[in-house]
Each structure stands twice: as C-alpha cells, then as structure tokens.
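Report on the following structure.
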Amino acid sequence: MSNVVIVESPSKAKTINKYLGEDYKVLASYGHIRDLPSKNGSVDTDDNFNMIWEVDSKSQKQIKEITAAMKGADHLYLATDPDREGEAISWHVQEVLNEKKLLDGVDVKRVVFNEITKSAILDAFKEPRELDKELVDAYLARRALDYLVGFTLSPVLWRKLPGSRSAGRVQSVALRLITERETEIEAFDPIEYWSVKAEFAKSSGQKFTANLTHLNGERLDKLALKNEQDAQNAVAQIEAGNFSVSKIEKKQSRRNPPPPFTTSTLQQEAARKLHFGAKKTMMTAQRLYEGVTLNGETTGLITYMRTDGVTIAGEAISSIRDHVNSAYGSNYVPDSPRVYKTKAKNAQEAHEAIRPTDIRRLPKDLPMLDDDQRKLYQLIWNRTAASQMEQAVLDQVAADLRPQGSSEGDNDVTLRATGSVIAFDGFLRLYHEDKDENRDGTRDDTDDKERILPPLNEGEDLSRNNILPEQHFTQPPPRFSEASLVKKLEELGIGRPSTYASIISVLQDRNYVRVENRRFFSEDRGRLVTAF
1148 MSNVVIVESP SKAKTINKYL GEDYKVLASY GHIRDLPSKN GSVDTDDNFN
1198 MIWEVDSKSQ KQIKEITAAM KGADHLYLAT DPDREGEAIS WHVQEVLNEK
1248 KLLDGVDVKR VVFNEITKSA ILDAFKEPRE LDKELVDAYL ARRALDYLVG
1298 FTLSPVLWRK LPGSRSAGRV QSVALRLITE RETEIEAFDP IEYWSVKAEF
1348 AKSSGQKFTA NLTHLNGERL DKLALKNEQD AQNAVAQIEA GNFSVSKIEK
1398 KQSRRNPPPP FTTSTLQQEA ARKLHFGAKK TMMTAQRLYE GVTLNGETTG
1448 LITYMRTDGV TIAGEAISSI RDHVNSAYGS NYVPDSPRVY KTKAKNAQEA
1498 HEAIRPTDIR RLPKDLPMLD DDQRKLYQLI WNRTAASQME QAVLDQVAAD
1548 LRPQGSSEGD NDVTLRATGS VIAFDGFLRL YHEDKDENRD GTRDDTDDKE
1598 RILPPLNEGE DLSRNNILPE QHFTQPPPRF SEASLVKKLE ELGIGRPSTY
1648 ASIISVLQDR NYVRVENRRF FSEDRGRLVT AF
C-alpha cells in the first residue's frame, strides 16, 4: 500500500515523514504550484468569471516528483496549512493530478493540524476529511478580485504615472490610510495651552505632585489656560493659599488579562515590544511552528501562526492552569477557565490562537533558539500563560487639595493628586499589554506603579513646595506604525492575517512609503498613486 502526503515546505515534509514512518512518502509543494498568469483574460468576466491557471515554472520539479510518487499510489493525503491558502494549495495539487489522470482509484483526503508535534500529526491522520469546497470558493473569489483590481489598475498607473509599479485590493487601501494620515498631519494647526502642577509635602516629609483642576470655582478643560499669562494668574492664586486635603476618593478596579495571540495581535505586540517588523515576526514564527530538534525528534514549538481565533484547546487550557498553579500559586488561577471571543470583523475562527504546543516547555529550556526566536517564543509564552491567570487588582486614590478653610463650591482653586497601587498583580506578573498612541499623540498605558501616593487623610494640612507651569501644544495624529496600521486594517475588516506582512513589504518595495523611527511616511509617488 502506497501513501503519498503533500505539505508546503521540505522541512515540514521531513519532520512529518519521521512521524508517519516508511509506509508514507511525504513531499513538499513549495507553496502554490500554479497561479493566474499576468496577462489579459486570466479571469474571463464574460464566461462566469472562468479562471485560467498556469503552472509556475519554478514548480515543475515538484510536480514531476509528486507525479512520479502517485504512480501506483493508493492514498493521497493533502496536509497543507490549515487555512484558506492551505486549502487552496491542496485544491491546486488535486486539480493538476486530476488533469494528468493520476487520481483514478486513489483515495484523496484532506488532513489538517494546528501544531507539528507527533501526537497532533498522528491524531490528524486518524480523522481525515474531504476538501472544504466553501473555503476553496472563498480563495477563488479573493484571487479573482486581486487579479481584476490589480490587473485593471496597474497598467493604467504604468501609463499615467511613470515609475508607479502596482495597485491592489488591500495594498491600495493601506497606502490610502498612510497618505491620508500624512495629509492630516500637514494640515494640522497646533494650539498653545498650559498646565500647572504643584509639589506638596506631608509633615513627615513625604512628597507628591498634584495637578490644577479648578480655578475660580470652575473646572478647567485641557485648553482652558491658553497662554503664559493665564498660567501665571493660576500660579498666583495657588501661591496665595495654604493647602490641605479636602476630599479623598478611593476605589478598587480589576483588570482582565488580554486574550492569547492572533496573527494580528502578535504582529502588533512584536512591533511594540520587540521592534520586529511584520515580515520578521512571521518568518520567526514560521520557524518556531516548524520546530526544533528535542531529544532527537523535531517538534513544533507553537501552533499555526496564521489565525484570527482566540480560543485554546481544552487540554491545553488544563495544562496552562496546572502550570500557573505550580509556578505561581493557586491564587493566580481563576475559578474557571477563561473563554475569549474574537472582535475582528471578518474573523474565520477556524483555528486556535497562537500558543506554545506545550506550556511546560519554558523559554529558558530552549538554548537552541537564536535570539529572535527566543524573544518571540518568550512573548507568546508569557501572553498565553497570562491569558489563563487571575485578574489584577488595583487600589486607586484621588485626593483633592484646597486652600485651608475653604469648602467645595467656594470660588477658589482645587488641585488633584491621583495614584494607583497594585494590590494584587495577577496576570501582570507575567504580561503587560502595550498600547498605541491616541490620535492626539498621548498614550493610555501610564505605568500605575509610577504614580504612588503617600497615605493621606481628609483635613490634613500640607506644605507647598514648587509650582510648575508648563507650556504645551496640541499634537497632530501620529503617523502609522506597523502595529497601528495592522490594527486599523483589522478594524476595517480589510485583508487577512496572512496578508498583512506582505502588503507592508510591497508598499516599501514600491517606494510608495518609507519608514523612519518605525513610522510610515508617504512618499510623493505613493501620494500620486492614492490621488489617482
């Protein structure tokens, strides 16, 4: 009995062949074996969008090897990646072999797995299925649209805008986002405003800072102090009084851990924390997925890295909770497993989130990883473990300071000191999610531990030290980073996890945008293409 298995990469083929044994011959397709040729008529809109495929010249060797292996074969297992592109590669292989009349009497099955471990591969081969026609149809629709948009627009760009190289369904939207943001920044007119804060001290000598919030009994908005004179008038009013604590507000807040990684959130966090580009993140994740040699056997370290799902298999959740319990204590494990649902607009949710294949495989125990692999695996490991940990608990304090002898409603000044103390770190022991800048250039991720107030009591008198007026200007919206661009595309439901890295690379390769300090700047050529 002859069993032929098709996967994408030779390293994957070698690993899976070891798992399956000598009764199987595992071959690599090296990705897609055919595509739509870049010429008119590849998608015939007058003939029900009939698509004319052409075998890639680089794939002839692989097709020859697959064809030779199929002669006399009883079973064909299509074991490409478990996503739409993987389904499409399997469909193309099947179609080419059908055209060669090599599948008569052959049992053709599709096999999918989310991790390259021996148990996962063997389990997958016990439950083969048919090709998913709906997934193939989705691929065909996307590929036809890509061809029709790109092939229709690109030649016009070549004629009208010499030097412009391409347009595309997703590429053009991403470029438009970047160029429109550049236009917003150039048109932005900054507005001057001032803030005032003062340093206070308790009788014990403990110091802290408070911000001016009310003047002449009225609450100040961000732009209330318009110039230096306004600020100096406020300073004079503060200097005229001796201050005490008029009111203290205390509340406790709880913060939930973020969900485990999808492709999009992995690219965003790797960009923020590791300064990895999307392309570098995906190449490094691919190597972790394909695995390393452990105890003489190649083992994948993470699950499939192209996914928009945030679920984790029940067995893996149990393992994570057990590890958290043993490593950090039972108070770090919530009463019941955490369940997450995706927020992405066009999520398929067919696959698990990106997670370690075995949470007990600690980053420090994998010396064979290079520096980039180690950093990315550590990031994935921390996020996964944190996703099944207990909430963080923060004690938040706000103290209003007013001139001694005054009361609320008086026509005077109020300053407010705020601070937080982490009462229980929970998941923050392992993971703190970074944030992008807001449209005004500010951030929401101020470290709570940097704003710790000394113990204060209502009615307590304070001594005032320095008064600090400070000039500011409103800020334009920030330029997109790779992280924020990926996030925006996902919010708009544009593109898929597998396309983000390639789209960003294309924009740079075409000289439509450049990157400075990890921010996208629109080039003149990119602006012309967008305007066109």
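Residue numbers for the sequence shown, in my numbering: 1148 to 1679.
Yeah, the Cβ is synthetic: ideal placement off N, Cα and C, and Gly gets one too.
Counted within 10 angstroms of its Cβ, other Cβ atoms place residue i as buried (16 or more) or exposed
i       : result
Arg1530 : buried
Phe1620 : exposed
Asp1656 : exposed
Thr1409 : buried
Leu1269 : exposed
Thr1440 : exposed
Gln1207 : exposed
Glu1597 : Residue confidence is low: Glu1597 scores 49 on pLDDT, short of 50, so the model does not pin down where it sits. No coordinate-derived value is stated.
Thr1593 : With a pLDDT of only 47 at Thr1593, under 50, the local geometry of the prediction cannot be trusted, and the value read off the model is given with reservation. Result: exposed.
Gly1476 : exposed
Ala1215 : exposed
Met1452 : buried
Asp1595 : Residue placement at Asp1595 is poorly supported in this model, since its pLDDT is 38, which falls under 50; the coordinates still yield a value, given next. Its Cβ being crowded by 16 or more others within 10 Å, Asp1595 is buried.
Ala1144 : What the structure shows of the chain is the stretch from 1148 to 1679, and residue 1144 is not part of that stretch, so it cannot be assessed.
Leu1223 : buried
Per DSSP, the bridge partner or partners of residue i
i       : result
Glu1346 : Thr1356
Gln1399 : Asp1542
Glu1201 : Asp1182
Thr1227 : BP columns for Thr1227 are empty, so no partner.
Ser1652 : Partner(s): none; Ser1652 has no beta bridge.
Ser1610 : Ala1348
Pro1550 : Phe1390
Phe1620 : Glu1339
Glu1365 : Leu1362
His1498 : Note: His1498 sits in no beta bridge, so no partner.
Ile1527 : Paired residues: none, contrary to the question.
Endpoints, beta strand (DSSP E) assigned at residue i
i       : result
Asp1512 : Careful: Asp1512 lies outside any beta strand (DSSP E) and carries neither H nor E.
Ala1460 : Where Ala1460 is concerned, there is no enclosing beta strand (DSSP E), given that its DSSP letter is neither H nor E.
Leu1174 : Tyr1171 to Ala1175
Val1568 : Thr1561 to Phe1571
Glu1444 : Glu1444 to Thr1446
Glu1331 : It is not in any beta strand (DSSP E) - Glu1331 instead sits in the alpha helix (DSSP H) that spans Gln1318 to Ala1334.
Phe1667 : Arg1666 to Ser1669
Arg1661 : Val1660 to Glu1663
Asp1254 : Asp1254 to Arg1257
Leu1441 : Val1439 to Leu1441
Cβ-Cβ separation, residue j to residue i (assumed contact under 8 Å), whole Å
i       : j       : result
Gln1520 : Leu1435 : 6 Å
Tyr1391 : Gln1551 : As written in the sequence, residue 1391 is Ser, which differs from the Tyr given in the question. Confirmed, Cβ separation roughly 5 Å.
Asp1221 : Val1255 : The pair is not a contact, with the Cβ atoms about 11 Å apart (cut-off 8 Å).
Gly1642 : Val1317 : 4 Å
Thr1147 : Lys1635 : There is no way to answer for residue 1147, as the model of the chain reaches only from 1148 to 1679.
Thr1450 : Glu1262 : 5 Å
Gly1456 : Thr1431 : Going by Cβ atoms, the distance from Gly1456 to Thr1431 rounds to 20 Å, so no, they are not a contact pair.
Coil, strand or helix - residue i by DSSP
i       : result
Val1190 : strand
Thr1593 : Its pLDDT being 47, under 50, Thr1593 is placed unreliably in this model, and the value from its coordinates should be taken loosely. If DSSP states are grouped into helix, strand and coil, Thr1593 belongs with coil.
Leu1615 : strand
His1470 : helix
Lys1394 : strand
Asn1150 : strand
Pro1157 : helix
Arg1521 : helix
Leu1140 : Outside the displayed range of the chain (1148 to 1679) lies residue 1140, so it cannot be described from this structure.
Arg1672 : helix
Arg1289 : helix
Segment limits, alpha helix (DSSP H) that includes residue i
i       : result
Asn1245 : Arg1231 to Glu1246
Val1486 : First-last for Val1486: undefined, no H or E at that position.
Met1217 : Gln1207 to Met1217
Val1480 : Looking at the DSSP string, Val1480 is not in any alpha helix (DSSP H), and its letter there is neither H nor E.
Phe1272 : Lys1265 to Lys1273
Gln1415 : Thr1410 to Glu1416
Leu1421 : Element bounds for Leu1421: n/a, residue is neither H nor E.
Ala1630 : Glu1629 to Leu1639
C-beta neighbour in chain B for residue i, strict 7 Å
i       : result
Leu1322 : This model lacks chain B altogether, as it is built from one protein chain only.
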